[in-house]
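Enquirer: Shown below is the structure under consideration.
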Amino acid sequence: MSSTPATTRREGPPATAEESRPTEVRIEPTKGWISLNIKELWEYRELLYFLTWRDIKVRYKQTVLGAAWAIIQPFFTMVVFSLFFGKLAKVPSDNVPYPIFSYAALVPWTFFANGLTSSSNSVVGSRSLVTKIYFPRLLVPLGTVTSGAVDFVLAFIVLLAMMAFYGIAPTMNVLWLPLLLVLAFITSLGVGLWFAALNVQFRDVRHVVPFITQFWLFATPVAWASSMLPQPWRTLYAINPMAGVVEGFRWALIGTKTQPGPMIAVSSVVAVVLLVSGAFYFRRMERTFADVV
Amino acid sequence: MNDIAVQVRDLGKKYRIGALEEGRRTLRETLTDALATPFRKAGSLLSGNASGAAGMEEEIWALKDISFDVPRGQVLGIIGKNGAGKSTLLKVLSRITEPTEGFIEIRGRVGSLLEVGTGFHPELTGRENVYLNGAILGMGRTEIDAKFDQIVAFAEVERFLDTPVKYYSSGMYVRLAFAVAAHLEPEILVVDEVLSVGDAAFQQKCLGKMGDVAQSGRTVLFVSHNMGAVTDLCDRAILLEGGQVTMDDGPAEVVSHYLTSGGETSAVWRRPESGEDEPAEAAVRSVRVLSEDGLPEAVIPFDRSFDVEIEYEIREPTRDLVIVAGLWSYRGFLWQSWDTDTTGLRGKVREPGSYVSRCRVPAGLVRPGRYSVTVVAHVPNVEVVESWHHVLTFDVSQVGFRFDQDRAGSITPVLEWEVTRQDRAAPTLEATRS
Chain F
0 MSSTPATTRR
10 EGPPATAEES
20 RPTEVRIEPT
30 KGWISLNIKE
40 LWEYRELLYF
50 LTWRDIKVRY
60 KQTVLGAAWA
70 IIQPFFTMVV
80 FSLFFGKLAK
90 VPSDNVPYPI
100 FSYAALVPWT
110 FFANGLTSSS
120 NSVVGSRSLV
130 TKIYFPRLLV
140 PLGTVTSGAV
150 DFVLAFIVLL
160 AMMAFYGIAP
170 TMNVLWLPLL
180 LVLAFITSLG
190 VGLWFAALNV
200 QFRDVRHVVP
210 FITQFWLFAT
220 PVAWASSMLP
230 QPWRTLYAIN
240 PMAGVVEGFR
250 WALIGTKTQP
260 GPMIAVSSVV
270 AVVLLVSGAF
280 YFRRMERTFA
290 DVV
Chain C
0 MNDIAVQVRD
10 LGKKYRIGAL
20 EEGRRTLRET
30 LTDALATPFR
40 KAGSLLSGNA
50 SGAAGMEEEI
60 WALKDISFDV
70 PRGQVLGIIG
80 KNGAGKSTLL
90 KVLSRITEPT
100 EGFIEIRGRV
110 GSLLEVGTGF
120 HPELTGRENV
130 YLNGAILGMG
140 RTEIDAKFDQ
150 IVAFAEVERF
160 LDTPVKYYSS
170 GMYVRLAFAV
180 AAHLEPEILV
190 VDEVLSVGDA
200 AFQQKCLGKM
210 GDVAQSGRTV
220 LFVSHNMGAV
230 TDLCDRAILL
240 EGGQVTMDDG
250 PAEVVSHYLT
260 SGGETSAVWR
270 RPESGEDEPA
280 EAAVRSVRVL
290 SEDGLPEAVI
300 PFDRSFDVEI
310 EYEIREPTRD
320 LVIVAGLWSY
330 RGFLWQSWDT
340 DTTGLRGKVR
350 EPGSYVSRCR
360 VPAGLVRPGR
370 YSVTVVAHVP
380 NVEVVESWHH
390 VLTFDVSQVG
400 FRFDQDRAGS
410 ITPVLEWEVT
420 RQDRAAPTLE
430 ATRS
């Protein structure tokens with residue numbers, strides 16, 4: 000590049016300090032790994048709010064059962080699991096009734112799996128936005144996963160009702176629940192970011208994701224208990240972050256005596272690695288989104 | 000120099016065009032390719048430039064060595080033929096895609112209007128879409144709150160605010176979308192062809208709004224094929240040809256250069272086989288100017304009629320598809336004519352197939368000079384399927400032009416006149432008296 004005129008930083012025009020957006024922008028080719036630009040994400044938080052709000056509003060439009068779908072999905076999976084794994088196969092369930100044992104795991108699992116599926120398709124699905132307007136692209140998968148929180152809350156209410164039905168009172172450990180939900184969120188978004196960026200180039204991802212989610216479901220102790228594994232394998236097993244989330248949920252809510260602390264610690268580390276690597280990979284690929292999608 | 004709002008230096012943008020489709024010759028090649036491609040693709044995945052087909056692509060520079068400055072408050076028109084790089088330039092300017100080389104410095108908040116209705120969701124109501132679209136265009140919630148009534152009044156959709164926009168007529172939809180965009184108040188506004196939507200009255204309203212924006216001292220970068228609007232609204236224009244700036248001057252100078260001396264005359268245009276995405280509904284194949292004997296002719300005598308013939312293909316049954324022929328002179332748009340005007344096709348579903356629409360321009364209508372032809376395929380108030388601007392340039396010659404050269408006006412119709420004298424009685428009476 001030829002000698003560029005020295006650019007001094009300039010404040011925006013003094014009279015129009017209406018927005019906190021940067022008033023001076025330099026557009027030039029970027030190479031390799033680039034920063035996540037968290038500051039800019041924060042400046043666009045209102046857009047994140049609107050994108051999430053749109054996803055929530057639109058999700059059950061023109062469906063007969065509406066928001067009931069948020070419950071049907073985990074609930075009937077629980078019914079099937081209870082029948083085959085609980086009744087027929089007699090899978091041990093840490094001394095709690097099998098239905099609630101599996102449902103307590105299915106609630107965070109469904110949040111994770113739906114977040115993963117929808118965020119994987121989010122950038123491709125927002126093609127018209129991505130090719131027409133600038134905004135931090137990270138908001139697209141971020142908004143998609145966030146909007147799943149509504150479904151989570153609905154399914155969670157059913158979980159509380161089931162606990163009342165089985166007469167299970169939550170322990171003080173429920174205070175950990177928000178953190179466990181964050182862990183599920185991070186995992187979902189982390190993997191979702193990888194897939195969303197890959198999906199732009201390779202539509203194979205669309206076919207891979209359902210397969211992976213299905214596989215992952217059985218690789219996670221949803222239908223069975225990780226206490227079936229001896230230590231130290233059980234802790235090591237938590238490199239699947241959803242294992243930590245699921246066992247954590249059971250421990251915090253229905254009081255299984257599994258002491259999942261080490262598992263959650265391992266899971267958290269893996270989840271954060273997934274998120275950070277996913278975000279950087281996404282940022283790296285993002286420059287070609289508008290040309291390729 | 001604080002009064003430069005946009006500074007563009009040595010800007011270049013390279014695109015890769017995959018050559019996979021044509022590249023296959025033998026079964027063996029196809030097979031080895033099929034086996035090797037996933038590995039090559041996987042290898043290029045992490046390199047950051049994965050385009051899905053490593054090593055099998057052609058490169059084209061959509062923009063090359065572009066440099067210009069836009070002072071604060073200037074309205075800059077950007078004109079050029081289809082494929083000259085205008086849209087790519089706007090995309091780079093509005094940060095949708097990255098340049099390959101060079102840089103742009105922008106001082107001020109940018110709002111870009113590359114297509115109205117970006118982010119509109121059919122299931123959401125008009126009210127909800129105003130907020131969503133506003134946020135996408137970069138307005139804050141308080142800002143939208145403050146302008147909400149204005150936006151709704153401008154769009155004239157008060158009664159349907161709480162109806163999902165999928166039930167809107169296409170006219171209402173476009174009006175609401177434009178209204179949101181028009182109330183964006185950035186310091187630098189980037190606009191592309193928004194004026195091609197809506198009915199004539201609404202277009203006029205949009206032009207008025209553009210004029211207001213231009214006069215309010217904001218910096219505007221305006222891409223348009225509407226030469227009249229460029230001449231009226233802009234302080235300056237640049238002409239893009241083949242991805243490069245070939246002229247940078249006052250709008251009148253650039254527009255007239257573009258329309259008149261810009262290239263040779265030609266009577267036949269064929270769609271370039273660039274492999275560019277063709278619209279799903281219909282595609283224009285060729286445009287020709289034909290003399291009275293039905294042969295392509297780039298010089299038409301003034302006293303002879305001529306035909307504009309458009310060959311196109313319809314791929315999907317499309318209701319109310321209109322093929323438009325338009326004629327430009329250096330003064331601006333002269334006229335447009337729609338093939339639905341006289342054929343009874345208006346409002347009908349056009350079935351897939353290959354078609355020719357031909358219109359006859361009567362003798363003695365347009366004055367001698369150089370003209371260019373624009374062809375548009377659109378569905379009125381819904382969408383522009385394709386537009387090809389200034390694809391042909393031809394001359395109307397002096398031959399047969401029997402009258403004074405320098406009369407005013409854009410057209411010179413040969414009209415019937417009747418001349419009678421009134422200060423005396425009728426000559427027949429006179430004759431009998433004498």
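Chains F and C supply the protein sequences, listed in that same order.
If you read the first sequence in numbering that gives the first Met the number 0, its first letter stands for residue 0, the second for the next number, and so on.
If you read the second sequence in numbering that gives the first Met the number 0, its first letter stands for residue 0, the second for the next number, and so on.
Note that beta-carbon positions come from the ideal geometry of N, C-alpha and C, so glycine has one too.
1) Residues in its own chain within less than 7 Å of Asp9 of chain C by CB, not counting five upstream and five downstream?
2) Name the one or two DSSP bridge partners that Arg392 of chain C has.
3) Give the DSSP-derived three-state secondary structure of His182 of chain C in the structure shown.
4) Which residues in the same chain as Gln397 of chain C place their Cβ atom closer than 6 Å to its Cβ, once the five residues preceding and following it in sequence are excluded?
5) Along the alpha helix (DSSP H) that carries Val90 of chain F, what are the first and last residues, could you check?
6) Does Lys131 of chain F have its Cβ less than 8 Å from a Cβ in chain C?
7) What residues match up with Val283 of chain C in a beta bridge as DSSP calls it?
8) Answer with buried or exposed for Thr116 of chain F, where buried requires no fewer than 16 other C-beta atoms within 10 angstroms of its C-beta.
9) On the three-state DSSP scale, how would you describe Gln61 of chain F?
10) Kindly list, in the order they appear in chain F, the residues whose Cβ is closer than 7 Å to that of Leu131 of chain C.
11) For Val7 of chain C, does the count of other Cβ atoms within 10 angstroms reach 16, so buried, or fall short, so exposed?
12) List, in order along the chain, the chain F residues whose C-beta lies closer than 9 Å to that of Leu113 of chain C?
13) Taking Thr186 of chain F as part of the beta strand (DSSP E), name the residues at either end of that continuous run.
14) Give every residue of the same chain whose Cβ lies closer than 7 Å to the Cβ of Ile150 of chain C, excluding the five residues on either side of it in the sequence, and list them in chain order.
15) Evaluate the contact criterion for the stretch 129–144 of chain F versus the stretch 248–255 of chain F: three or more CB pairs, one atom per stretch, below 8 Å.
16) Taking C-beta pairs closer than 7 Å, name the residues in chain F that Gly325 of chain C reaches, listed in chain order.
17) If you check the beta carbons only, do Asp161 of chain C and Thr124 of chain C fall under 8 Å apart?
18) Please list the partners that Lys256 of chain F has in chain C, where partner means a Cβ-to-Cβ separation under 9 Å.
19) Could you tell me the distance, in whole angstroms, from the CA atom of Ala196 of chain F to the CA atom of Ser119 of chain F?
20) Have a look at the DSSP bridge pairing and note the partners of Met246 of chain C.
21) What number of angstroms, rounded off, separates the C-alpha of Asn81 of chain C from the C-alpha of Asn225 of chain C?
22) Under DSSP, the alpha helix (DSSP H) around Gln213 of chain F begins and ends at which residues?
23) In this structure, does DSSP put Asp148 of chain C in helix, strand or coil?
24) Go ahead and pull the three-state DSSP assignment for Thr339 of chain C.
25) So who's on the other strand from Trp334 of chain C, going by DSSP bridges?
26) What residues in the stretch 20–48 of chain F have a beta carbon less than 7 Å from any beta carbon of chain C?
27) Where does Asp290 of chain F fall in DSSP's three states?
28) Which runs of the beta strand (DSSP E) spanning at least 3 residues fall entirely within the stretch 24–84 of chain F, listed in chain order?
29) Is the stretch 184–192 of chain F touching the stretch 275–282 of chain F in the sense that three or more CB pairs, one from each, lie closer than 8 Å?
30) Using beta-carbon positions only, say whether Ile299 of chain C and Leu364 of chain C come within less than 8 Å of one another.
31) Please report how far the alpha carbon of Gly243 of chain F lies from the alpha carbon of Arg44 of chain F, in whole angstroms.
32) Which two residues bound the contiguous alpha helix (DSSP H) that contains Phe119 of chain C?
Expert: Per the coordinate set shown:
1) Counting from one through the second sequence, the residue named residue 9 of chain C turns up at place 10. Answer for Asp9 of chain C: Asp64, Ser66, Glu100 and Gly101, listed in chain order.
2) Here residue 392 of chain C corresponds to residue number 393 of the second sequence, with the count starting at 1. A small correction: the amino acid at residue 392 of chain C is Thr; Arg does not occupy that position in the sequence shown. In the DSSP output, where bridge partners are listed per residue, Thr392 of chain C has C:Ser265 and C:Ser371.
3) As a position in the second sequence, residue 182 of chain C is number 183, starting the count at 1. In this structure, His182 of chain C counts as coil in the three-state DSSP scheme.
4) Here residue 397 of chain C corresponds to residue number 398 of the second sequence, with the count starting at 1. Cβ within range, chain order: Pro367.
5) For the purposes of this step, residue 90 of chain F is identified with residue 91 of the first sequence, where counting begins at 1. Careful: Val90 of chain F lies outside any alpha helix (DSSP H) and carries neither H nor E.
6) If you number the first sequence from 1, residue 131 of chain F lands on position 132. Yes, Lys131 of chain F lies at the interface with chain C (some Cβ there is under 8 Å from its Cβ).
7) One-based indexing of the second sequence puts residue 283 of chain C at position 284. According to DSSP, Val283 of chain C bridges with C:Tyr311.
8) Here the question's residue 116 of chain F lines up with position 117 in the first sequence. Buried: at least 16 other Cβ atoms inside 10 Å.
9) One-based indexing of the first sequence puts residue 61 of chain F at position 62. Looking at Gln61 of chain F - three-state DSSP - the assignment turns out to be coil, as it is neither helix nor strand.
10) Locating residue 131 of chain C in the second sequence gives position 132, counting from the first residue. By Cβ distance, chain F contributes Phe49 and Arg53.
11) Against the second sequence, residue 7 of chain C aligns to sequence position 8. It is buried - the Cβ of Val7 of chain C has at least 16 other Cβ atoms within 10 Å.
12) Counting from 1 along the second sequence, the entry for residue 113 of chain C is found at position 114. Simply Thr130, Lys131 and Ile132.
13) If you number the first sequence from 1, residue 186 of chain F lands on position 187. Run containing Thr186 of chain F: none in the beta strand (DSSP E); it sits in the alpha helix (DSSP H), Leu176 to Gln200.
14) For the purposes of this step, residue 150 of chain C is taken as residue 151 along the second sequence, with counting starting at 1. Taken in chain order, the residues that qualify are Val129, Ala178, Val179 and His182.
15) no
16) Taking the second sequence and counting its residues from 1, one reaches residue 325 of chain C at position 326. Result: empty, since nearest Cβ-Cβ is about 26 Å, beyond 7 Å.
17) Reading the second sequence from its first residue, position 162 is the one you call residue 161 of chain C. Reading the second sequence from its first residue, position 125 is the one you call residue 124 of chain C. Yes, the pair counts as a contact, with Cβ atoms nearer than the cut-off.
18) As a first step, residue 256 of chain F must be located in the first sequence, where it is residue number 257. Correct list: empty, because the minimum Cβ distance to chain C is about 44 Å.
19) Position 197 of the first sequence, counting from 1, holds the residue named residue 196 of chain F. Position 120 of the first sequence, counting from 1, holds the residue named residue 119 of chain F. Rounded to the nearest angstrom, the two C-alpha atoms are 8 Å apart.
20) Translated into positions along the second sequence, residue 246 of chain C becomes position 247. The partner list for Met246 of chain C (beta bridge, DSSP) reads C:Leu238.
21) Counting from 1 along the second sequence, the entry for residue 81 of chain C is found at position 82. Counting from 1 along the second sequence, the entry for residue 225 of chain C is found at position 226. The alpha-carbon atoms of Asn81 of chain C and Asn225 of chain C are separated by roughly 13 Å.
22) Here residue 213 of chain F refers to the residue found at position 214 when the first sequence is read from its first residue. Run containing Gln213 of chain F: Asp203 to Phe217, per the alpha helix (DSSP H) assignment.
23) Counting from 1 along the second sequence, the entry for residue 148 of chain C is found at position 149. In this structure, DSSP gives Asp148 of chain C a helical state, which the three-state scheme calls helix.
24) Taking the second sequence and counting its residues from 1, the one referred to as residue 339 of chain C is at position 340. The answer is helix: DSSP assigns Thr339 of chain C an H, G or I state.
25) For the purposes of this step, residue 334 of chain C is taken as the residue at position 335 of the second sequence. Paired residue(s): C:Leu326.
26) Arg20, Thr22, Glu23, Val24, Arg25, Ile26, Glu27, Pro28, Thr29, Gly31, Glu45 and Leu46
27) As a first step, residue 290 of chain F is located in the first sequence; it is residue number 291 there, counting from the start. Under the three-state reduction of DSSP, Asp290 of chain F is assigned to helix.
28) none
29) yes
30) Translated into positions along the second sequence, residue 299 of chain C becomes position 300. Translated into positions along the second sequence, residue 364 of chain C becomes position 365. No, the pair does not count as a contact, with Cβ atoms beyond the cut-off.
31) Here the question's residue 243 of chain F lines up with position 244 in the first sequence. Here the question's residue 44 of chain F lines up with position 45 in the first sequence. Rounded to the nearest angstrom, the two C-alpha atoms are 30 Å apart.
32) Taking the first residue of the second sequence as 1, we reach residue 119 of chain C at position 120. Segment: none, Phe119 of chain C is in no alpha helix (DSSP H) and carries neither H nor E.
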